[in-house]
Structures are given as C-alpha cells and as structure tokens.
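Numbering (the numbering used here), first residue to last: 1 to 218. Worksheet: one structure, shown below.
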C-alpha cells in the first residue's frame with residue numbers, strides 16, 4: 001500500500017543521516033587502549049554504534065550496565081567522544097541531496113535521536129544539519145525511543161499531526177517508536193541496523209539508499 005504523502009520526514013541521526021560510527025568506535029577503542037589492549041576491529045563496533053555507550057562499551061570490553069565498572073567507563077567514553085565527535089563523522093552519501101529535495105518540495109525535515117543534547121546540539125551544525133526544522137534529543141523528553149514521546153514532541157514542534165510525518169531509522173527501536181506514535185516508518189538498511197535483519201522489523205518500507213526515499217514521494 002502506498003504511503004500517505006508526508007508534510008514532514010523525521011530522521012534518526014546516528015546510522016541514518018550521519019555515519020558517526022568512526023568517532024564512536026574510536027572512543028570505545030580509547031577505553032581499550034587505556035587498559036593496554038589492542039583496538040577492537042571496526043567491523044565489530046560499527047553494528048552497535050546506534051546503541052551508544054551501552055552498545056559500544058559492551059562490544060569493546062564485554063562490560064554491560066549491570067557491571068560495577070560500567071558507569072565510570074560510560075563517563076570516560078562520553079567525555080572522550082565529546083572531545084572528538086566530528087573528527088571523522090560525515091553525512092551518508094545522498095543525504096545532502098535528499099534534504100535539498102525535501103526542502104524544494106516544502107517537506108519539513110527534522111531529527112529525533114537518542115543521542116543526548118550535549119552532543120546533538122554541537123554535532124548537527126558541524127556536519128551540515130544545523131538547519132533542521134526541529135531536533136529532539138534523547139534527553140529532550142522523559143523517555144527515549146522506543147517510547148513514542150520523542151517523535152510526538154517533534155510533531156508538536158512542527159505543529160503537525162503524527163500521521164503527517166514519516167520516521168526513518170536504522171534500529172528496531174526506531175521502527176517501534178514510529179509505530180507507537182502512529183507515524184509511517186522507513187527502515188534505513190544503509191545504516192548500522194544492530195545485529196538484526198531490518199526485513200523483520202515490520203516497517204512500512206525498507207530502503208537501501210537515502211535517495212530511494214524520493215521514489216516514495218513520486
């Protein structure tokens with residue numbers, strides 16, 4: 001069934017709009033270096049980049065939130081990342097062209113991410129996303145995705161009904177949040193996607209390149 005034409009398209013940030021995994025992986029490997037360990041392979045860290053500190057510390061060191069060392073490592077990871085978060089991060093190929101096309105069609109676009117505002121507010125303008133119509137970060141509302149609250153807040157800021165917005169993300173929780181917010185959802189298979197297959201996420205569409213979104217608008 002064709003998707004209802006949107007008045008706005010909302011995007012996840014890490015792994016959807018921007019390839020931020022290199023800088024996130026570097027912060028995780030910094031923790032390994034402090035322990036005298038060799039770097040973990042990038043291919044091991046990239047799939048969990050959308051999971052932030054929890055995913056990357058788990059993948060790099062096998063330490064999870066219930067471990068007594070986790071909180072200190074999380075703080076160290078985030079501080080290191082904050083100091084270097086735009087060193088290698090770039091928009092995915094096709095994203096600048098996609099956003100320009102949306103603007104030319106008078107379709108608003110915004111960002112809804114679980115990344116904290118201390119990072120998002122600085123990173124977005126540094127990588128060419130500072131002109132988003134709205135940015136909702138992981139600590140903007142009381143609950144991060146997969147709770148629908150952040151997406152509903154974005155729709156409120158845009159003064160649109162949730163049904164008039166599409167949500168695009170590269171993680172299962174993005175699709176869960178979009179469905180809970182009554183937004184049509186697009187799984188971004190060009191992103192990190194964790195360790196699960198996006199074919200099983202029950203998104204309204206599954207795309208392999210950003211510019212394919214334009215084919216849904218035709």
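Cβ coordinates follow ideal geometry from the N, Cα and C atoms, glycine included. As the structure is a prediction and not an experimental result, all values here were calculated from the model.
{"Item": "Per DSSP, what kind of secondary structure is residue 167 in: helix, strand or coil?", "Value": "strand"}
{"Item": "Our contact map puts residue 176 next to residue 146 with C-beta atoms below 8 Å; I'd like the distance itself, whole angstroms only.", "Value": "4 Å"}
{"Item": "Any idea what DSSP makes of residue 178, helix, strand or coil?", "Value": "helix"}
{"Item": "Are there three or more Cβ pairs, one per stretch, closer than 8 Å when the segment 177-187 is compared with the segment 138-154?", "Value": "yes"}
{"Item": "Considering only the alpha carbon of each residue, which of 215, 168, 216 lies closest to residue 201?", "Value": "168"}
{"Item": "Using DSSP with H/G/I as helix, E/B as strand and the rest coil, what is residue 63?", "Value": "coil"}
{"Item": "Which term fits residue 121, buried or exposed, when burial requires 16 or more other beta carbons within 10 angstroms of its beta carbon?", "Value": "exposed"}
{"Item": "What would DSSP say about residue 4, mapped onto helix, strand or coil?", "Value": "coil"}
{"Item": "Taking all protein chains shown into account, do 16 or more other C-beta atoms lie within 10 angstroms of the C-beta of residue 161, making it buried, or fewer, making it exposed?", "Value": "exposed"}
{"Item": "Starting from residue 206, follow the beta strand (DSSP E) in both directions and report where the run begins and ends.", "Value": "205-207"}
{"Item": "Examine the Cβ distances between the segment 133-142 and the segment 99-111 and report whether three or more of them are shorter than 8 Å.", "Value": "yes"}
{"Item": "Buried or exposed: which applies to residue 75, given that a residue is buried once 16 or more other Cβ atoms fall within 10 Å of its Cβ?", "Value": "exposed"}
{"Item": "List the endpoints of the continuous beta strand (DSSP E) containing residue 185.", "Value": "185-188"}
{"Item": "Can you tell me whether residue 3 is buried or exposed? The criterion is at least 16 other CB atoms within 10 Å of its CB, across all chains shown.", "Value": "exposed"}
{"Item": "With a cut-off of 8 Å, do at least 3 Cβ pairs link the segment 86-103 to the segment 57-71?", "Value": "no"}
{"Item": "Could you give the residue range of the beta strand (DSSP E) that holds residue 48?", "Value": "From DSSP, residue 48 is part of no beta strand (DSSP E); its letter is neither H nor E."}
{"Item": "What residue ranges within the segment 92-175 form continuous alpha helix (DSSP H) runs of no fewer than 4 residues, ordered along the chain?", "Value": "95-104, 117-126, 149-158"}
{"Item": "Using the Cα positions of residue 140 and residue 116, report the straight-line distance between them to the nearest angstrom.", "Value": "8 Å"}
{"Item": "Hey, quick one: how far does the alpha helix (DSSP H) through residue 87 stretch, first residue to last?", "Value": "Looking at the DSSP string, residue 87 is not in any alpha helix (DSSP H), and its letter there is neither H nor E."}
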